[in-house]
Amino acid sequence: MLRSQGGAGFALTSLFVAFYRCGMAYDYELLYRETPHALGEPTQAFVDFFNRLDASGLSVLDVGCGQGRDALFIARLGHSVTGVDLSSSGIEQLGADAVRENLPIRGVVADLEHYAPEEDFDIVLIDRTLHMLDEPVRLDLLKRLLPAVKAGGWLLIADEKSNIAGFQNVLDDHSANWVPVLAKRGYLFVKRD
Ligand SMILES: C[S@@+](CC[C@H](N)C(=O)[O-])C[C@H]1O[C@@H](n2cnc3c(N)ncnc32)[C@H](O)[C@@H]1O
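Have a look at this one:
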């Protein structure tokens, strides 16, 4: 959900909604610069997943983290989060929030078109970022992310419903076994065997 604000913030957020609904590319750098916490609360499916997890101190990679609505929620539960995004404003704001709350979050500014994780994670999550990339680029990125999920770890994707079958094909072609833990409209959560 988007925060509603008066004045320029409201106009900018309305513009964002219009672009978002049309599926057009949007300038997130501008949105984040003008509107703190522009995307509102963390995504409920991720909240439910992490609240049910019987573990703490996990390592989590948030791919396309934006201003970190999910990353902040996850780090507050005691997990260590690395957030990656193209927007330096988003990463700066995430870093400032993390310092203010003394949370274990590391922000990385990077273009996902070329990004490959340098370490492995217990959980890799991608909240509505893959659809921002052209199909060959998004599928290639997913292929580069799979090896970074530790055995017994999870890959959590929220995206356009129409993109999910393509993600499933990438998983099917990978050498590891990926067990579905949530497959509903626009979500694909899998556990690596
Ligand atoms: C719909 S927002 C989702 C942000 C965040 N996952 C959330 O749910 O709050 C999409 C994000 O993808 C990022 N993004 C788009 N293209 C990117 C790219 N090529 N490399 C890195 N980040 C990118 C944008 O900056 C934006 O933060």
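Every letter in the sequence shown is one number past the one before it in our numbering, and letter 16, counting from 1, is 20.
All C-beta atoms, glycine included, are put in the ideal place defined by N, C-alpha and C.
No experiment lies behind these values; they were computed from the predicted model shown.
For secondary structure counted as the beta strand (DSSP E) over 3 or more consecutive residues, the region 96–146 holds these complete runs in sequence order: 109–113, 125–131. Check the Cα spacing between Thr39 and each of Pro184, Lys154, Leu98: the tightest is with Leu98.
In the DSSP annotation of this structure, the continuous segment of the alpha helix (DSSP H) that includes Arg80 starts and ends at 73–80. Taking all protein chains shown into account, Arg73 has 16 or more neighbouring C-beta atoms within 10 Å of its C-beta and is therefore buried.
DSSP links Ser84 through a beta bridge to Ser63. In terms of Cα proximity to Val88, the closest of Lys154, Glu96, Leu81 is Glu96. Arg189 carries a coil assignment under DSSP once its states are collapsed to helix, strand and coil.
The region 123–131 and the region 97–114 do not touch, with fewer than 3 CB-CB distances between them shorter than 8 angstroms. The C-beta distance from Phe171 to Leu192 rounds to 6 angstroms, short enough to meet the 8 angstroms contact threshold.
Looking at Asn181, Gly157, Asp177, the one whose alpha-carbon comes closest to that of Asp58 is Gly157. Between Ser179 and Ala114, the alpha-carbon positions lie close to 27 angstroms from each other.
For Gly157, the enclosing beta strand (DSSP E) begins and ends at 153–162. Following the DSSP letters along the chain, one finds Leu35 inside the alpha helix (DSSP H) bounded by residues 32–38.
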